[in-house]
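Notes follow once the structure below has been shown.
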Amino acid sequence: MTIFVLGTIGGLINIGVLTTLKLFRSNQCAFYLIMESVVNTIQLFVLFIIYLLPITNEADPANTSLAWCKMKNFLTQTLRLLSSSMVCFAALDQFLSTNPQHIIRQMSSLRLAHRLTIVAIFLWIGHDIPYAILYVIVPPSGCIITNIDLIHYYSFFYYPILHGFLPILASSAFALLAYRNVRNLVRRQVAVERRRLDRQLTAMIFIRVIFYVLLLIPYTVYRIYSLNVTFTQANLYPYAINQLIYSVMSSMTNLNYTVSFYIFMASSSRYRRQVKSFFVKKCWRTLKNLCNAEQNIVHPNGTTSIVADTEDE
1290 MTIFVLGTIG GLINIGVLTT LKLFRSNQCA FYLIMESVVN TIQLFVLFII
1340 YLLPITNEAD PANTSLAWCK MKNFLTQTLR LLSSSMVCFA ALDQFLSTNP
1390 QHIIRQMSSL RLAHRLTIVA IFLWIGHDIP YAILYVIVPP SGCIITNIDL
1440 IHYYSFFYYP ILHGFLPILA SSAFALLAYR NVRNLVRRQV AVERRRLDRQ
1490 LTAMIFIRVI FYVLLLIPYT VYRIYSLNVT FTQANLYPYA INQLIYSVMS
1540 SMTNLNYTVS FYIFMASSSR YRRQVKSFFV KKCWRTLKNL CNAEQNIVHP
1590 NGTTSIVADT EDE
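Residues 1290 to 1602 (this note's numbering) are what the sequence shown spells out, left to right.
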């Protein structure tokens, strides 16, 4: 519940700041961060529903409803892969946009960001459809995969590589290379404002990747293990231990959908000022204008609001 509330608030603030401030509107790295915040917010809502349904129904519907069993796993996995893709794309973009070679810098563009995002959406939806189809309900284990080939795929490719070392290595490598590039910006003829923005975004992405890697590794290791070991409620003690480990690992990986806003705030004083500016200049002024507009509405009897009467006096 805490993860859902904090993550939703943080995600919405990220979206608001990155979409309304002029500095970020045409920046492709900011676009990836916006998309990550959108995906993470949707994922948190899905996870909250998954958490809430067993409480309200006194049983997990995923163990009784085949449709929900398939839909739940399809949504969480697709959104998980999309979130990882956005982190990797953001790190890649910072490497490209801060590169000392002009031809490489030109590869970083908003058009490329849009295309990569669209490709990722369709790719992961297509990838996860067979995954959803092959989920079945097997009492007393519940909603599980029984197809041996798919279990082998997830044991030897998906968790170790596709959702494990591949995004970890890619995001880490590009973040480190971008950090190296940005340290040499002072030697290049770069506008001061652009240099500040590159440094800010590179620092934010670098810290984001560190948290992404630290929170992803334990869950990846656990999932590889759990796919190759079957736990049933008949063996109560091992089953309870596995459920406890699963809860801890899931909470850790779910933090990946929550922490972005808070690590950006902690790592960038400039972002803190931008968030303050967003609330003061955008939210507060918009609210103030709405209140003033309401007060200045002309009523049917020809009278005006108190503000209007005072001004006339």
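Glycine included, every Cβ here is placed at the ideal spot set by N, Cα and C.
Small disclaimer: the values here were computed from a predicted structure and weren't measured.
Taking 8 Å as the upper bound for CB-CB distance, Ser-1515 and Asn-1531 are in contact here, some 7 Å apart.
Annotation for Trp-1357: Pro-1350, Ala-1351 place their beta carbon closer than 6 Å to its own, counting only its chain and skipping 5 residues before and after. Per the DSSP secondary-structure output, Tyr-1443 pairs with nothing in a beta bridge. If you draw a 10 Å sphere on the C-beta of Val-1328, you find 16 or more other C-beta atoms in it, and that means buried. Your pair Asn-1545 and Tyr-1501 checks out as a contact, with CB atoms roughly 6 Å apart and the cut at 8 Å. According to DSSP, residue pairing for Ile-1426 in a beta bridge involves Cys-1432. The continuous alpha helix (DSSP H) containing Ala-1379 extends over residues 1355-1386. For Leu-1312, the CB contacts under 7 Å within the same chain, skipping 5 residues up- and downstream, are Leu-1486 in chain order. Annotated as distal: Leu-1490 and Val-1548, with beta-carbon spacing of 9 Å or more. Around Lys-1359, the same chain offers Ala-1421, Tyr-1424 as residues with beta carbons nearer than 6 Å, after the five sequence neighbours per side are excluded. Apart from the 5 residues on each side of it in sequence, Ile-1393 sits with its Cβ closer than 7 Å to the Cβ of Leu-1385 in its chain, given in chain order. Comparing C-alpha distances from Ala-1380 to each of Leu-1458, Asp-1438, Thr-1542 shows the shortest one belongs to Leu-1458. A straight line joining the alpha-carbon of Pro-1449 with that of Leu-1579 spans about 52 Å. For Met-1396, no alpha helix (DSSP H) run applies, since DSSP gives it neither H nor E.
Bounds of the alpha helix (DSSP H) holding Gly-1305 are 1291-1309. Glu-1347 sits in coil when the DSSP states are folded into three classes, being neither helix nor strand.
Remark: fewer than three beta-carbon pairs, one from each stretch, lie closer than 8 Å, so the segment 1401-1410 and the segment 1335-1345 are not flagged as touching. Nearest to Met-1324 by C-alpha distance, out of Ala-1402, Met-1396, Ser-1398, is Ala-1402. In the three-state scheme derived from DSSP, where H, G and I count as helix and E and B as strand, Gln-1563 is classed as helix.
With a contact defined as Cβ atoms closer than 8 Å, Gly-1305 and Phe-1567 qualify at about 6 Å. Non-local beta-carbon contacts of Ile-1414 in its own chain, meaning distances under 8 Å to residues more than five positions away in sequence, involve Thr-1367 in chain order. Under the three-state reduction of DSSP output, Gln-1390 falls in the coil class, being neither helix nor strand.
For Tyr-1321, same chain residues with a beta-carbon under 7 Å away, outside a window of 5 residues either side, are Met-1375, Phe-1378, Ala-1379, Asp-1382, Ala-1402 in chain order.
In this structure, DSSP gives Asn-1543 a helical state, which the three-state scheme calls helix.
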